Structure formats: C-alpha cells, structure tokens
Amino acid sequence: MSIKGKAWVFGENINTDQIFPKRYFKPVYDPGEMASHLMEGADEKFPEKVGAGDIIIGGNNFGCGSSREEAPGAMTEAGVAAVIAPSFGRIFLRNSINLGLPAIYVTDIDQHVSTGDVVELDLEAGVVRNLSTDYETTFQPINPELVKLMEAGGLVEYTKQMLAEKKV
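For the sequence shown, our numbering assigns the number 3 to the initial residue and increments by one for each residue that follows.
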C-alpha cells in the first residue's frame, strides 16, 4: 500500500482535544461536521486547508490525552491518508488502527519534512520519502494483514469482509 500526499506538520504533544475538541462531542456525528473541526485546537484554519490524501506529520507524543476515537475519526472523514510521528499516544495509535488510518512511527520525521512538502509512504516496504527534498528513511514495515485491515477501512469493515468470505 503506497500513500502519497501533501504534508502538514504539527509540533510535539498534540493531544486529542486539539485534534478534535471535546465541545463538539455528540452521540451521532455527521462525517462532514467531524472533518470541519479537525486540528482546530492547533490550527483553526486547518479544516479549510487539508485535502483528501494529505498526510499529517506530528512531533513526539502525537495524539496523547483522552481516549477519543473521534480524533482519528475526524482525520479519516477529512480524507487524511496517514499520520507519521516519532511517537504516539497509545490509545490514539490503537484507535487509528481500528479506523484504518495508518499511524507510522518514524524517528525525527518532523525534522525532515515541512508543511507543503510531498511525502510518499510504502507501508509494506517500510520506506518514507520526502519528494520535495529527496530525504528518505525507513520504518518497520507494516504486517500484510494489518495493511489489509487499513485498505478495508478499519477493523469493522475488515471483519465484515472476512465474514463475507467466511474466513472468520
């Protein structure tokens, strides 16, 4: 699975309330409404700027804080294709995987990518490239079954596919 998109760089310790503010919590969400508040706590204009296929680059401890599935959910609804950071909040990482959003550990990636750069990821090969600067580095390749889960759109959709194929 290859992903190529425009990078948006954020700092360290971006928490789930900055990614999707608590004041917008509802029992049921309209996907467009979720996307319209993405990263609002870090950049109020971000929802107007982000496009489908874009990649968020975070600093250390990206997605720390409360257990909010809405944080990676707002990203997927906005069309964000992946998140790359040196480290993640554990619950954010798990929620991202469950929703099919690649969250990739890459040491010092935030030091080698600027907002607006074009970044390319190859999940199976474990390679990330900044096509704007020719920087390239590696990361732990993603397990093929996990790639299938991401391609399916998350755990729920992957499980539905497996049940339909009678593999579960």
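Heads up, the beta-carbon is just placed ideally off N, CA and C, and yes, glycines get one too.
This structure is a prediction, so every number in the text was calculated from the model and none was measured.
- I21 carries a helical assignment under DSSP once its states are collapsed to helix, strand and coil.
- A Cβ-Cβ separation of about 15 Å leaves A54 out of contact with V85 under the 8 Å criterion.
- Contact annotation: F22 and F64 have beta-carbon atoms that are not nearer than 8 Å.
- Taking the Cα positions, L157 is about 21 Å away from I58.
- Of the residues assessed, D136 falls on the exposed side of the cut-off, its CB having fewer than 16 other CB atoms within 10 angstroms.
- Counting other Cβ atoms within 10 Å of its Cβ, Q20 reaches 16 or more and is therefore classed as buried.
- In terms of Cβ geometry, A73 and H39 do not form a close pair [threshold 8 Å].
- Counted as a single uninterrupted DSSP element, the beta strand (DSSP E) harbouring E122 occupies residues V120 to D124.
- Going by beta carbons, L148 and I5 fall outside the 8 Å limit.
- Looking from the CA of S134, the closest CA among P143, D119, F141 and E126 belongs to D119.
- An exposed status is given to E46, since fewer than 16 other beta-carbon atoms sit within 10 Å of its beta-carbon.
- The C-alpha of I93 lies about 30 Å from the C-alpha of K168.
- Inter-residue distance for D112 and I99 is about 21 Å (C-alpha atoms, whole angstroms).
- For K6, the uninterrupted beta strand (DSSP E) run begins and ends at S4 to V11, by DSSP.
- Counting the other CB atoms within 10 Å of its CB gives F12 a total of 16 or more, which places it among the buried residues.
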